[in-house]
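For reference, the structure is listed below as structure tokens.
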Amino acid sequence: MARSGEQNGGMVYPDEAVLARAGVEDLRAVSQAMLVDMPSAWAEIARTQFEWYEPWHTTLDESNAPFYQWFVGGKTNIVLNALDRHVRSWRRNKAALIWEGENYETRTYTYQQLNREVSRFASVLRAMGVNKGDRVTIYMGRIPEIEIAMLACAKLGAVHSVVYGGFSVEALHGRIEDSQSRIAITADGAWLRGNVVPLKDIMDEALQRAPTIQTVIVVKRTGQDVHMEPGRDLWYHDLMNLPIADAHIETVPVDAEDPLYLLYTSGTTGAPKAILHTHGGYMVGVAATLKWVFDVQDDDTWWCAADPGWVTGHSYIIYGPLLLGATSLMYEGAPNYPFPDRWWDITERHGVTILYTAPTAIRGLMRFGDAWPNRHDLSKLRLLGSVGEPINPEAWRWYHRVIGKDRCPIMDTWWQTETGTFMISPVPATPLKPGSATLPLPGVEVDVLNEEGDPAGLNEEGYLVIKRPWPGMMRTIYGDPERYVNSYWSRFPGVYMTGDSARRDEDGYIWVIGRVDDVIKVSGYRLGTAEIESALVSHRAVAEAAVIGVPDEVRGHVIKAYCILITGVEPTQRLVEELRDHVAHEVGPIAKPATIEFVETLPKTRSGKIMRRVLKARVLGQDEGDTSTLEQ
Ligand code: WTA
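Residue numbering for the sequence shown follows the numbering used here, beginning at 530 and increasing consecutively.
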């Protein structure tokens, strides 16, 4: 093995200290076991590392593919393994969650304390009639109560549907309506860059459009006056002080295949899809992958700097770390508030050992220069992580050198809301190539296919697919199983289509290139063209709209919108601003177009579909490709 951090033909090798700790042999054994008999290898992990109320009879049921089922017949609850068993062990007094507010307020919850809060809130929800299978919408910022609310739902076997706190009125309304939630949990506001995001006001406006909600529970965070609708809205702290808030209620046993949560994500066309994850398989997959990739141990302070409202937060701020009995840090605010070293300050003060974030954040912080991180002691860090989009080698090297001091390997994890867990990623011992997510994890079989469905050649770009089921995979699109089959399993029958393009190099390393569909990644956030376009056409001035993602140095991509105006409407700069604000109000500030161009026509196929590919090629000054189907 090469020396510390040595770069050899593009490879960056881990140093001896990393290798000494990483449990390399264990992973070799599990990889081998997966190759021999994948379901049995997962069964071994599920049996030895988790508690079950009742064992399963079939590890993997493929009889109704692509509706795969895992640990069929087994009874468990993710909360049994995330909280209950730790509370029975020495870990009861270990910190489960360390939280820092943007205003520097801090709170630490031990496993026992977190469990008490979760039990109390679960009893409140139960008293309100929340039962197994009921959907509950959660719309909050990054505060401990979002975690408490999610776990309380899971404890009862209810299904949480978290809507990212950066989304706005129509995005929230659509997600509430689709899930048919009767109860919503929110906060008065969230702190961001010293300002209040008025979550409750947004919720009120969404509820004027969504009649299903009967009760809204409101956590007090920012303290400004909010409207409380009599008979509908209740304060969280009032409920938690009632005698019904029982700190010792039993976790409800559920089937391994019972739903744990819905998480809406954008796809190629139409409304966002409600990705459904389950208790059993997801639990096993999330914990195993977190252990393999980041080797989280009892002396670690793990910081996943994502938002709990996206899958990264669900899997790796909340469920994964708790399942491993780890200490997880959550930070409420912006990375550069009040100063550009806020993250490095947090890393130093809390002794963070593993930092997991997104390329866009790294690029954003890199812009402020090396002096900000250099004034902090980052020596406790031992591993770094990246997720959300391909990381460009320049950002990779800065992260590695300035934050990781050439000592900390970077785990570039490729995965999706749909996959639930890491799929392609190095582990600490893997030699790295900056910009590549390296190799599939044990049990994961990926391929790169050409248009015909044959394996693409070496270094040839093609469709990234997954060929075998895995425990953490989505089970369906809630309420629309047909769409599940059509969106993911029909382009190449029997194979899961990721929607990404990639190439594989001579060492078998995967280089993810980007989306092949209409999903746009803005600052690592996943947005769909359809949701933004429908917001634009909901404005009285717009007849038709098309949006595309154009490359941006910091944010990866930004939104460019093309609008055809209603006859007689003047194309003014004021209207541009009005439309940008309208999108922010309906979908959320992250979806705000960077530019809007007024046009007379949009390129369409003869059947009337907008050819965004052509718009994109025009912006990038590229060949427009095959336009034979373009309407002339
Ligand atoms: C992209 C986020 C390159 C990819 C966990 C994928 C990545 C989409 C990486 C899923 C990575 C995620 N390298 N691209 N390491 N990680 N992506 O559902 O396009 O928000 O399909 O899940 O992000 O986004 P999602």
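Beta carbons are placed, not taken as given, at the ideal position from N, Cα and C, and that holds for glycine.
Supposed close pair Pro957, Pro543 - CB separation, criterion 8 Å: 6 Å
Is any heavy atom in the ligand WTA found nearer than 7 Å to the beta carbon of Arg1055? yes
Less than 7 Å between the CB of Gln743 and some heavy atom of the ligand WTA, yes or no? no
In terms of DSSP beta bridges, what is Tyr1054 paired with? Val1051
Arg761 to Met732 span [Cα, whole Å]: 12 Å
When you measure from the CB of Gly760 to every non-hydrogen atom of the ligand WTA, does any distance come out below 7 Å? no
For the ligand WTA, is there a heavy atom less than 7 Å away from the beta-carbon of Ser915? yes
Rounded to whole angstroms, what's the CA-CA distance from Trp925 to Glu877? Just pull it up for me. 21 Å
Among Ile847, Gln743, Val977, Glu918, the one whose alpha carbon lies nearest that of Glu1082: Glu918
Do Pro971 and Leu589 count as a contact pair if the criterion is CB distance below 8 Å? no
Whole runs of the beta strand (DSSP E) within the stretch 986-1041, excluding any shorter than 3 residues: 991-995, 1025-1033
Tell me the start and end of each unbroken beta strand (DSSP E) in the stretch 654-726 that is at least 3 residues and wholly inside, in chain order. 664-668, 688-691, 712-716, 719-721, 724-726
Need the endpoints of the alpha helix (DSSP H) that Thr889 sits in, please. 888-895
What is the DSSP secondary structure of Arg532, counted as helix, strand or coil? A caution first: Arg532 carries a pLDDT of 41, below 50, which makes its placement in the model too unreliable to give a value.
Determine the direct distance from the alpha carbon of Arg1103 to that of Ile778, and round the result to whole angstroms. 56 Å
Where are the beta strand (DSSP E) runs, 3 residues long or more, that stay fully inside the stretch 756-802, in chain order? 762-764, 788-794
Let me confirm a value: Ala546 is counted as buried when at least 16 other C-beta atoms fall within 10 Å, else exposed. Which label applies? exposed
Please report the distance separating the alpha-carbon of Val1143 from that of Ala1123. 19 Å
From the DSSP output, which residues share a beta bridge with Pro984? Leu978
Looking only at C-alpha atoms, which of Tyr885, Tyr765, Val916, Ile677 sits nearest to Gln945? Val916
Taking only heavy atoms of the ligand WTA into account, decide whether any of them is closer than 7 Å to the Cβ of Gly1043. yes
Could you check the C-alpha separation between Thr967 and Leu961 for me, to the nearest Å? 7 Å
Any Cβ of chain B within less than 8 Å of the Cβ of Ile712? Among the protein chains of the structure shown there is no chain B, as only one such chain exists.
Taking the alpha carbon of Trp720 as the reference point, which residue from Ala1090, Ile1088, Gly694 has its own alpha carbon closest? Gly694
Helix or strand or just coil, what does DSSP make of Ser560? helix
Do you know offhand how far Asp935's Cα is from Asp1036's? 23 Å
State the Cα-Cα distance for the pair Gly880 and Ala1074, rounded to the nearest angstrom. 48 Å
Three or more C-beta pairs below 8 Å linking the stretch 1039-1059 and the stretch 620-640: no
Using only the heavy atoms of the ligand WTA, determine whether one of them is closer than 7 Å to the beta carbon of Val840. yes
Can you give me the C-alpha to C-alpha distance between Asn537 and Glu1062, rounded to a whole angstrom? Its pLDDT being 49, under 50, Asn537 is placed unreliably by the model, and nothing is read from it.
Alpha helix (DSSP H) segments (min. 4 residues) lying fully within the stretch 1057-1103: 1058-1066
Under 8 Å between C-beta atoms of Trp832 and Ile891: no
What three-state label does DSSP hand Lys962 in the structure shown? coil
C-alpha gap between Val1087 and Pro888, whole angstroms: 15 Å
Can Glu498 be considered in contact with the ligand WTA, in the sense that its beta carbon sits closer than 7 Å to one or more heavy atoms? Outside the displayed span of the chain (530 to 1161) sits residue 498, for which this structure offers no information.
Contacts around Asp870, its chain only, beta-carbon distance under 6 Å, and the 5 residues preceding and following it disregarded: Trp901
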